[in-house]
Structure formats: C-alpha cells, structure tokens
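Chemist: Count along the sequence shown from 1, add 1298, and you get the number used in our numbering. Every residue, glycine too, gets a C-beta built ideally from N, C-alpha and C.
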Amino acid sequence: MGSHCARPYSRRQALEIGGGPGLHPVLGYRLTVRGMTITKDRAWTPQACTLPAADRPLRLAAFDELSATALLDQQRPSSTALCWELDPAAEATARDLAGRESSCCSLFTFTFDPGDGVLRMLIAVPGAQVDLLDALQHRAAGRMRS
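#1: Can you tell me whether DSSP reads V1416 as helix, strand or coil?
#2: Taking D1414 as the reference, which of D1385, A1359, L1358 and Q1373 has the closest Cα?
#3: Can you check the stretch 1362 to 1436 for any beta strand (DSSP E) of at least 3 residues that lies completely inside it and give the ranges in chain order?
#4: According to the neighbour-count rule (16 or more other Cβ atoms, all chains shown, within 10 Å of its Cβ), is D1353 buried or exposed?
#5: Three-state secondary structure (DSSP) at P1355?
#6: Take the Cβ of A1426 as the centre, count every other Cβ of all protein chains shown within 10 Å, and call the residue buried at 16 or more, exposed below.
#7: When the Cα atoms are used, what is the spatial distance from F1410 to L1349?
#8: Between the Cα of A1388 and those of A1360, A1439 and L1431, spot the shortest distance and give me the residue it belongs to.
#9: P1323 by DSSP, collapsed to three states: which one?
#10: Measure the Cβ-Cβ separation of R1441 and D1362 and say whether it is below 8 Å.
#11: Let me make sure I understand the geometry here. Which of F1408, E1399 and D1429 has the alpha-carbon closest to that of M1419?
#12: Rounded to whole angstroms, what's the CA-CA distance from L1405 to A1379? Just pull it up for me.
#13: Under the assumption that L1356 contacts A1392 (Cβ atoms under 8 Å), give the Cβ distance between them as a whole number of angstroms.
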C-alpha cells in the first residue's frame, strides 16, 4: 500500500449500503449482506469461516475493540479493499488479530503500512466478497474512536 488510502466513503454512503435480492439482514445493524451466516448471538461471519461458532462472538468483539480504541479513519480505495488508519500503538494488536483472522478465513488478506503517524491496515477480499467489507466498514463506523 502506498503512503495513503484513496477516496473515503462518506458516513451517508456507508449507511446506504444494503437491500436487494439474495441479501440477508445483519441483525441489530440495519444492514444486509450476501454470503454471511447470522448466528443465534446475532453476530455475522462469512460462510467460509472455519472458526468454531463458539469463538465467533469473541473474534467479532476483537474487531469491535480495535475499531473503538485505535481506528482513526477508514477509507475504500476500491470495492475490494478497506483501509483502516490505526493508532500506531495498536500495531501488535492489529497484526495479531489479522493473523488470527487469516488463519480461519482465507477470504481476507491483510497488509500493513506504518508511517506518517498512523498504521494503515489494508483489508482486501475477492470481488465476490465485497459485502464482507461493506459490513465491516459499516460496523466500524459506529465504533470509530473520536
């Protein structure tokens, strides 16, 4: 990744995502996505995820915690990529979370670019899985550190 992420989505654009045939609601988040499973604990996960169902709420909570404590900004340089600008102090936590997520969900690719007072974490998915990034972006927007 270069020294910056391109063209952020506005909050309004992020909230307009959703609706349409073949989509499923993400309960409690007014969002619908393809290719996700809604579990009884109301958390979402990609169907290809091999993480045991009992551990999924904890993983989701780890992403929520990272976005609440370290996420400074997020941008979409493309439909298949989400760039999180994180507090550099969270680098070890972000890399650990990315490693754990990559080990159970091969759909995600994480790339890190430290510099300019922020840690950029690029999260990429295949074209057929952009709904995962839409959901992650929307979820993080409501928790982003101010």
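Modeler: The short version:
#1: As a position in the sequence shown, residue 1416 is number 118, starting the count at 1. Strand.
#2: Within the sequence shown, residue 1414 is the residue found at index 116, counting from 1. When only C-alpha atoms are compared, the closest one is D1385.
#3: 1369 to 1376, 1379 to 1384, 1407 to 1413 and 1416 to 1422
#4: Here the question's residue 1353 lines up with position 55 in the sequence shown. Exposed: under 16 other Cβ atoms inside 10 Å.
#5: Counting from one through the sequence shown, the residue named residue 1355 turns up at place 57. Three-state DSSP puts P1355 in a helix.
#6: Translated into the one-based positions of the sequence shown, residue 1426 becomes position 128. With fewer than 16 other Cβ atoms from the protein chains shown falling within 10 Å of its own Cβ, A1426 counts as exposed.
#7: Along the sequence shown, read from residue 1 onward, the residue named residue 1410 stands at position 112. Along the sequence shown, read from residue 1 onward, the residue named residue 1349 stands at position 51. Our two residues, F1410 and L1349, have alpha carbons roughly 23 Å apart in a direct line.
#8: One-based indexing of the sequence shown puts residue 1388 at position 90. Selected option, being the one with the closest Cα: A1360.
#9: Residue mapping note: residue 1323 aligns to position 25 of the sequence shown, counting from 1. With a pLDDT of 40 at P1323, under the threshold of 50, the modelled position of that residue is not reliable, and the figure given next carries that caveat. Note: P1323 maps to strand in three-state DSSP.
#10: Numbered from its first residue, the sequence shown carries residue 1441 at position 143. Numbered from its first residue, the sequence shown carries residue 1362 at position 64. Cβ distance < 8 Å, so R1441 and D1362 count as in contact.
#11: To locate residue 1419, count along the sequence shown from 1; it is residue 121. Among F1408, E1399 and D1429, the Cα nearest to that of M1419 belongs to F1408.
#12: Residue mapping note: residue 1405 aligns to position 107 of the sequence shown, counting from 1. Residue mapping note: residue 1379 aligns to position 81 of the sequence shown, counting from 1. Taking the straight line from one Cα to the other gives about 12 Å.
#13: One-based indexing of the sequence shown puts residue 1356 at position 58. One-based indexing of the sequence shown puts residue 1392 at position 94. So it is not a contact: roughly 16 Å between Cβ atoms.
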